[in-house]
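Participant: Chains as they are written, first to last, in the working numbering: chain A, 13 to 364; chain C, 13 to 364.
Protein chains: 2
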Amino acid sequence: MSRFWSKVVHGLTPYTPGEQPKLTNLIKLNTNESPYPPSPGVLEAIRAATTGDLRLYPDPDSTALRQAIADYFGIARDHVFAGNGSDEILAFAFQALLNHEGPLVYPDITYSFYPVYCQLNGIRAEHIALNDDFSLDLTAVPDHAGAVIFPNPNAPTGQSVSLEHIAQLCRRLPDRVIVVDEAYVDFGTETAVPLVKDHPNLLVVQTFSKSRALAGLRVGFAIGQPELLAGLERIKNSFNSYPVDRLASAGAIAAMEDRAGFEHDRQRIMASRAWVNEQLTVLGFNVVPSQANFVFARHPQRDAGELALALRDRAIIVRHFRLLRIDQHLRITIGTEAECKALIEALKEILA
Amino acid sequence: MSRFWSKVVHGLTPYTPGEQPKLTNLIKLNTNESPYPPSPGVLEAIRAATTGDLRLYPDPDSTALRQAIADYFGIARDHVFAGNGSDEILAFAFQALLNHEGPLVYPDITYSFYPVYCQLNGIRAEHIALNDDFSLDLTAVPDHAGAVIFPNPNAPTGQSVSLEHIAQLCRRLPDRVIVVDEAYVDFGTETAVPLVKDHPNLLVVQTFSKSRALAGLRVGFAIGQPELLAGLERIKNSFNSYPVDRLASAGAIAAMEDRAGFEHDRQRIMASRAWVNEQLTVLGFNVVPSQANFVFARHPQRDAGELALALRDRAIIVRHFRLLRIDQHLRITIGTEAECKALIEALKEILA
């Protein structure tokens, strides 16, 4: 507390990101990064952009990056918004599009940044409870919702909802903004981007930090009709004119164009996920069926916090959330094949 | 206007950044970038960081970057905050530190983003009028101020206030936050950083976009006592955990360490400023004495808007603000020696 702080600051409980350890010999399965590096073409594009032109501001409209994203999805560039990671875009969306008289509705178990954005913006939230198997039933969204947001697949559970259910929700609440946070969509979930043309109330948010292996560059994007994007732009241009820098833009454009590398890596990650799933099940874990680049699992006989510590002792870090309903689960990022093996070996030791 | 927008969006008049033209054959004297590229060591540091590690999130605390800044100023790292350009830091400061019961006080002629931040945060502003020569008298700040912000040197006028006057203000309003926005400080103004140790209410904000030639990377920083920085951090960590990316951090660290290149370039820019000043005066302009990397000038017989258009016809772009008291002035960035010559030649033609 401080006499120098504005009133809003005193009430905040900021988001805690997963640890970014300074040690390099750890197996890092805690923040859902890609286990594979960006492709050589991406690194080459960044090096090519590392010139004296860095003295100049980037394009405030990220025109070239938005065009590359539009081309990938086969949509118009005016349906694409770019930002400093999908977290920044979510922050803009909470302020620009999700603050209404009715409550903002989201799942009780979900991305733990959502309640923080609500605090920051004074938004009243209402939760819908996930089913016992952690599946999300969108018909449970109440008609009095002021707006709706959910990740698809959900985090940290990894479960998806179908496009049909999303379209139904958009039709049922045509005057309410529906944000689908697709950070993990590329690991087995269908994207809602094709629904955007029919639903002016739908905003789809994606990131370069997971399936596109560029968490270190901070780039995310949103796809929606221009009316929604104009709201985001008004906030962005009242906050920071140039959030996407020249090198981040160059790297993201090259990543978007590298369809083969993208496809190759996501298939590998999904194959490793199937293997981890199977191995964990053999070890007695209950594993939530995941469409993400992580699994969410609990062991019926072992405390999740203790398991996380025991893994840490073996130089493997996973994520444990001390939150209602999920404090006995671990969220484990799918690593390389070797990292997945090391994880299973360590768990065998710990459980022995 | 849209039914999908939150209430705050409807009342916003976003900031308009200076044009970033796509044409490369223009002489760009409109957004106060450095005319000289970052040093080879900076580009080399970025290339060295362009590795597979870009798949990993950056350090959310920007520890290494903050240490490099702390070392430069000879202060402790816990007195340094880093962000995605000084605009992002200002945005955080308006939300975290400048929203109080009393009005936020700033000059009537100043950085035109300040009123936008006020709109976004619902902050009541009160202006103090610059003197006729555009100098800023800090004794005019009223005792009922809730907080104070001003650029030093001021923009777009280029005039500075002394450290003694800043210290006086900090002492006179010990319970009020005073933000000194030092975007242009390295071109002839003394930094207020040494005052921070004695004034827990003082926040100094700087950027890598001007004197450090990295506008394309988006890095800025603030220096203040930990109590003030904790307010910024709470907002930042409720907004976006990792705003400074890996390459921006690598480039900024190298730029901070390159003292010789920094010194060399800023001396060249100040020498060119003196020459431009002299030449403009010969051409009949009234030139405001500038401590920044731009000059602010008017011609008593020629309309500023027409002059800007005539320069544009000759492929030179400068900044013209259609604002009260300054709509007959042009703000002209100091370019390379050749660009400065081309500017003066073009003006000779236009005025002939």
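Cβ coordinates follow ideal geometry from the N, Cα and C atoms, glycine included.
Three-state secondary structure (DSSP) at Gly-317 of chain A?
Facilitator: Here residue 317 of chain A refers to the residue found at position 305 when the first sequence is read from its first residue. Residue state, collapsed to three classes: helix.
Participant: Could you tell me which chain A residues have their CB closer than 8 Å to the CB of Ile-356 of chain C, listed as they occur along the chain?
Facilitator: Sequence index remark: in the second sequence, residue 356 of chain C carries index 344 (1-based). Correct list: empty, because the minimum Cβ distance to chain A is about 22 Å.
Participant: Give the DSSP-derived three-state secondary structure of Ala-159 of chain A in the structure shown.
Facilitator: Translated into the one-based positions of the first sequence, residue 159 of chain A becomes position 147. In this structure, Ala-159 of chain A counts as strand in the three-state DSSP scheme.
Participant: With H, G and I counted as helix, E and B as strand and the rest as coil, what does DSSP make of Glu-100 of chain C?
Facilitator: Counting from 1 along the second sequence, the entry for residue 100 of chain C is found at position 88. Reduced to three states, the DSSP call for Glu-100 of chain C is helix.
Participant: Let me know the alpha helix (DSSP H) ranges lying completely inside the stretch 193-272 of chain C, each 4 residues or longer, listed in chain order.
Facilitator: List check, alpha helix (DSSP H) in window: 238-248 and 258-269.
Participant: Just to make sure I have the definition right: I need the residues of chain A whose C-beta is within less than 9 Å of the C-beta of Asp-9 of chain C. Which are they?
Facilitator: Since the displayed chain C opens at 13 and closes at 364, residue 9 of chain C lies outside it and no answer follows.
Participant: Could you tell me which chain A residues have their CB closer than 7 Å to the CB of Ala-108 of chain C, listed as they occur along the chain?
Facilitator: Here residue 108 of chain C corresponds to residue number 96 of the second sequence, with the count starting at 1. Correct list: Trp-17, Ser-18 and Val-21.
Participant: Quick one: list the residues of chain C neighbouring Asp-99 of chain A, beta-carbon separation under 7 Å, in chain order.
Facilitator: Translated into the one-based positions of the first sequence, residue 99 of chain A becomes position 87. Asn-252 and Ser-253, listed in chain order.
Participant: According to DSSP, is Glu-290 of chain C helix, strand or coil?
Facilitator: Translated into the one-based positions of the second sequence, residue 290 of chain C becomes position 278. Helix.
Participant: Residues of the stretch 212-245 of chain A in Cβ contact with chain C at a cutoff of 8 Å, in chain order, please.
Facilitator: Going along the stretch 212-245 of chain A in chain order, one finds Pro-212, Asn-213, Ser-221, Ala-225, Leu-226, Ala-227, Gly-228, Leu-229, Arg-230, Glu-239, Leu-240, Ala-242, Gly-243 and Glu-245 with a Cβ nearer than 8 Å to chain C.
Participant: If you measure from the beta carbon of Leu-259 of chain C to each beta carbon in chain A, is any gap under 8 Å?
Facilitator: Here residue 259 of chain C refers to the residue found at position 247 when the second sequence is read from its first residue. Closer than 8 Å: yes.
Participant: Whole angstroms are fine: how far does the CA of Val-294 of chain C sit from the CA of Glu-100 of chain A?
Facilitator: Mapped onto the first sequence, residue 100 of chain A falls at position 88. Mapped onto the second sequence, residue 294 of chain C falls at position 282. Going from the Cα of Glu-100 of chain A to the Cα of Val-294 of chain C covers about 49 Å.
Participant: Classify Lys-353 of chain C as helix, strand or coil using the three-state DSSP reduction.
Facilitator: For this step, residue 353 of chain C is matched to residue 341 along the second sequence. Helix at Lys-353 of chain C.
Participant: Pick out whichever of C:Arg-136, C:Val-197, C:Val-117 and C:Ala-157 has its Cα sitting closest to the Cα of Gln-279 of chain C.
Facilitator: What you label residue 279 of chain C is simply residue 267 of the second sequence in a count that begins at 1. Nearest of C:Arg-136, C:Val-197, C:Val-117 and C:Ala-157 to Gln-279 of chain C, Cα basis: C:Val-197.
Participant: Which residues of the stretch 37-52 of chain C have a Cβ closer than 9 Å to any Cβ of chain A? Give them in chain order.
Facilitator: Result list: Lys-40, Thr-43, Glu-45, Ser-46, Pro-47, Tyr-48, Pro-49 and Pro-50.
Participant: For the pair the stretch 15-31 of chain C and the stretch 115-134 of chain C, tell me if three or more CB-CB distances fall below 8 Å.
Facilitator: These segments touch.
Participant: Please state whether DSSP places Pro-119 of chain C in a helix, a strand or coil.
Facilitator: Stepping through the second sequence from its first residue, residue 119 of chain C is reached at position 107. Residue state, collapsed to three classes: strand.
Participant: Measuring only the C-alpha atoms, how far is Pro-115 of chain A from Val-153 of chain A?
Facilitator: As a first step, residue 115 of chain A must be located in the first sequence, where it is residue number 103. As a first step, residue 153 of chain A must be located in the first sequence, where it is residue number 141. Cα to Cα, Pro-115 of chain A sits roughly 11 Å from Val-153 of chain A.
Participant: Taking C-beta to C-beta, are Thr-122 of chain A and Phe-162 of chain A nearer than 8 Å?
Facilitator: Within the first sequence, residue 122 of chain A is the residue found at index 110, counting from 1. Within the first sequence, residue 162 of chain A is the residue found at index 150, counting from 1. Going by C-beta atoms, Thr-122 of chain A is nearer than 8 Å to Phe-162 of chain A.
Participant: Which of the three DSSP states is assigned to Val-21 of chain C in this structure?
Facilitator: On the second sequence, position 9 is the one that residue 21 of chain C refers to. The answer is helix: DSSP assigns Val-21 of chain C an H, G or I state.
Participant: In whole angstroms, what separates the C-alpha of Leu-323 of chain A from that of Ala-304 of chain A?
Facilitator: Against the first sequence, residue 323 of chain A aligns to sequence position 311. Against the first sequence, residue 304 of chain A aligns to sequence position 292. Distance between the alpha carbons of Leu-323 of chain A and Ala-304 of chain A: 22 Å.
Participant: Using 8 Å as the Cβ pair cut-off and three pairs as the minimum, do the stretch 223-241 of chain C and the stretch 88-107 of chain C touch?
Facilitator: As far as the Cβ criterion goes, the stretch 223-241 of chain C touches the stretch 88-107 of chain C, which means the pair count is three or higher.
Participant: Using a Cβ-Cβ cut-off of 8 Å, state whether Asp-120 of chain C counts as contacting chain A.
Facilitator: Numbered from its first residue, the second sequence carries residue 120 of chain C at position 108. Judged by the 8 Å Cβ criterion, Asp-120 of chain C is not in contact with chain A.
Participant: Under DSSP, the beta strand (DSSP E) around Phe-306 of chain C begins and ends at which residues?
Facilitator: Translated into positions along the second sequence, residue 306 of chain C becomes position 294. Run containing Phe-306 of chain C: 306-310, per the beta strand (DSSP E) assignment.
Participant: Does the distance from the C-beta atom of Val-231 of chain A to that of Val-192 of chain A stay below 8 Å?
Facilitator: In the first sequence, residue 231 of chain A corresponds to position 219, counting from 1. In the first sequence, residue 192 of chain A corresponds to position 180, counting from 1. No, these two residues do not count as a Cβ contact at 8 Å.
Participant: Buried or exposed: where does Pro-312 of chain C fall if 16 or more other Cβ atoms within 10 Å of its Cβ makes it buried?
Facilitator: Locating residue 312 of chain C in the second sequence gives position 300, counting from the first residue. Exposed, because fewer than 16 other Cβ atoms sit within 10 Å of the Cβ of Pro-312 of chain C.
Participant: Whose CA, out of C:Leu-359, C:Gly-243 and C:Gly-263, lies closest to the CA of Pro-291 of chain C?
Facilitator: In the second sequence, residue 291 of chain C corresponds to position 279, counting from 1. Looking at the sequence provided, one finds Gln at residue 291 of chain C rather than Pro. Nearest of C:Leu-359, C:Gly-243 and C:Gly-263 to Gln-291 of chain C, Cα basis: C:Leu-359.
Participant: Figure out for me which residue from A:Ile-140, A:Asp-339 and A:Phe-306 has the closest Cα to the Cα of Pro-6 of chain A.
Facilitator: Residue coverage of chain A in this structure runs from 13 to 364, which leaves residue 6 of chain A outside it and unanswerable.
Participant: Would a check of beta-carbon distances place Thr-62 of chain C closer than 8 Å to chain A?
Facilitator: As a first step, residue 62 of chain C must be located in the second sequence, where it is residue number 50. Interface residue, yes.
Participant: Within a Cβ cutoff of 7 Å, which residues of the same chain sit near Ala-61 of chain C, ignoring the five residues on either side of it in sequence?
Facilitator: What you label residue 61 of chain C is simply residue 49 of the second sequence in a count that begins at 1. Closer than 7 Å at Cβ, skipping near neighbours: Arg-258, Leu-259 and Ala-262.
Participant: Looking at C-beta atoms only, is the number of pairs between the stretch 262-277 of chain C and the stretch 137-157 of chain C that lie closer than 8 Å three or more?
Facilitator: Cβ pair count under 8 Å is below three, so no.
Participant: Assuming Gly-95 of chain C and Pro-255 of chain C are in contact, meaning their beta carbons sit under 8 Å apart, how far apart are those beta carbons, in whole angstroms?
Facilitator: In the second sequence, counting from the first residue as 1, residue 95 of chain C sits at position 83. In the second sequence, counting from the first residue as 1, residue 255 of chain C sits at position 243. Between Pro-255 of chain C and Gly-95 of chain C the Cβ distance is about 6 Å, and since that is below 8 Å, they are a contact.
Participant: Which chain C residues sit within Cβ distance under 7 Å of Leu-68 of chain A?
Facilitator: By one-based count along the first sequence, residue 68 of chain A stands at place 56. Within 7 Å Cβ-Cβ: Glu-45, Ala-227 and Gly-228.
Participant: Using the Cβ count rule (16 or more neighbours within 10 Å means buried), how would you classify Thr-151 of chain C?
Facilitator: For this step, residue 151 of chain C is matched to residue 139 along the second sequence. Exposed is the call here.
Participant: Does His-112 of chain C get closer than 8 Å to chain A when you measure Cβ to Cβ?
Facilitator: As a working mapping, residue 112 of chain C is identified with position 100 in the second sequence. Answer yes: the Cβ-Cβ gap between His-112 of chain C and chain A drops below 8 Å somewhere.
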